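**Q** Going from the sequence shown to my numbering is simple: count from 1 and add 145.
Beta carbons: idealized from backbone N, C-alpha and C, even for Gly.
In this text, all values refer to a predicted model and were calculated from it rather than measured experimentally.
Quick one: structure below, then a few questions.
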Amino acid sequence: MSVLAACAQADEILERGAAKAVEFAKLMSELGDAVEAYPPENFLRLVMDVTGYVDMLRAEGTEGQARLENLEELVVAAEEWSQSTEGGGTIADFLDDAALLSSVDDARAKRENNNADAPEDSVVLMTLHNAKGLEFPAVFVVGLEEGLLPSKNSLTEAGGIEEERRLFYVGITRAMDRLTLTAAQNRMTFGKTVSTEDSRFLEELGGGFESVDVYGQQVEYRKTTWRDYRPTVPAPPARKDTSPMTEGMAYRGGEKVRHPKFGEGRVLAVSGFGDKQEVTVAFEGSAGMKKLLVRFANLSPA
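Right, here's the structure in full:
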């Protein structure tokens, strides 16, 4: 008997303390069913939602915030992978590709490090903290946006902005010959494309530098804010989620729906409301009956 199977039957074995084990086994079973039902980015969101992991990290303060940002990047990577993969795929496919790429990168790094003739004129990536005491002919400081630099946490902490300003100073003074500062007008965060606001530090610089647009063409510098003279580029359309997410749009049973993987089916049963709404759908063909959380299922009318 597997550990998971034992947990599912804990109430038959233990006199006390079985509830948590049974609950865990049920959760793992539901997540196992969801692997094939959701695209990778939505499966990751589902795991973070139902396990309470995000709430736990938020309660950890600064350290937890750093981990949350890593999770956001993972969801964005999964979203981009789904968009670039023909026919989509599951979380297992995404992780297989990620592991393969990681192995290739590791092998390349080992090969280059063992090669005495490897070129020295390569790009070095590092954080602002790690850049202290170093200098380079050319430096790129990227992500100069409110919420990144200065960071979200610094906006509410006493002295946080000053510390972020010192870090920014460290970054720009690492450049010996050429300094390039960039800010995105739109950034994908947690799988959603959102508009950004330029870092206050860019506006504090005043003049003394060349301004170029997204195509590398120099534009006229005007003594106003960075936002005023930066060219405006429309945001790419974010993937539209057609799944109902509010009580006012709730499924009531009987609707014909279409799933990206399972095809067409009919809603047989509904439970919950809003973000917690679940539907049981009878799909045509071999897919059969599936229980799906509407928020992540990407269902659309058939």
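Inspect the beta-carbon positions of residue 420 and residue 440 and report whether they are closer than 7 Å.
**A** yes
**Q** Near residue 430, which residues of its chain fall below 7 Å by C-beta distance, leaving aside the five closest residues on each side in sequence?
**A** 408
**Q** Of the residues 428, 273, 181, 297, which one's Cα is nearest the Cα of residue 320?
**A** 273
**Q** Enumerate in chain order the residues of its own chain whose CB-to-CB distance from residue 187 is below 6 Å, with the five nearest sequence positions on each side excluded.
**A** 441
**Q** Quick one: complete alpha helix (DSSP H) runs, 4+ long, within the stretch 157 to 200?
**A** 163 to 179, 185 to 196
**Q** If you draw a straight line from the C-alpha of residue 174 to the C-alpha of residue 295, how long is it?
**A** 42 Å
**Q** DSSP on residue 315, reduced to helix/strand/coil?
**A** helix
**Q** Please work out which residues of its chain come closer than 6 Å, Cβ to Cβ, to residue 425, disregarding the five sequence neighbours upstream and downstream, and give them in chain order.
**A** 413, 414, 436
**Q** Tell me whether residue 221 sits in a helix, a strand or coil according to DSSP, three-state version.
**A** helix
**Q** Can you list, in chain order, the residues of its chain with a C-beta nearer than 6 Å to that of residue 210? Leave out the 5 residues immediately preceding and following it.
**A** 298
**Q** Using the Cβ count rule (16 or more neighbours within 10 Å means buried), how would you classify residue 215?
**A** Per the 10 Å Cβ criterion, exposed.
**Q** Please state whether DSSP places residue 272 in a helix, a strand or coil.
**A** Coil at residue 272, not helix or strand.
**Q** When the Cα of residue 289 is compared with those of 357, 362, 345, which residue comes out closest?
**A** Comparing alpha carbon positions, the residue from 357, 362, 345 closest to residue 289 is 345.
**Q** Since residue 220 and residue 189 are thought to touch, with beta carbons under 8 Å apart, how far apart are those beta carbons, to the nearest angstrom?
**A** 5 Å
**Q** Expressed to the nearest angstrom, what Euclidean distance is found between the alpha-carbon atoms of residue 427 and residue 166?
**A** When rounded, the separation of the alpha-carbon atoms in residue 427 and residue 166 is 30 Å.
**Q** Would you call residue 91 buried or exposed, if buried means 16 or more other Cβ atoms sit within 10 Å of its Cβ?
**A** Summary: the structure shown does not reach residue 91, with the chain confined to residues 146 through 447, and so no result is reported for it.
**Q** Does the stretch 305 to 316 come close enough to the stretch 275 to 284 to have 3 or more Cβ pairs within less than 8 Å?
**A** yes
**Q** Which residues does DSSP list as the beta-bridge partners of residue 434?
**A** 427
**Q** Check for me: the alpha helix (DSSP H) holding residue 409 runs from which residue to which?
**A** Not the alpha helix (DSSP H): residue 409 falls in the beta strand (DSSP E), residues 408 to 416.
**Q** Residue 149 and residue 182: beta carbons closer than 7 Å?
**A** no
**Q** Under the three-state reduction of DSSP, which class applies to residue 234: helix, strand or coil?
**A** coil
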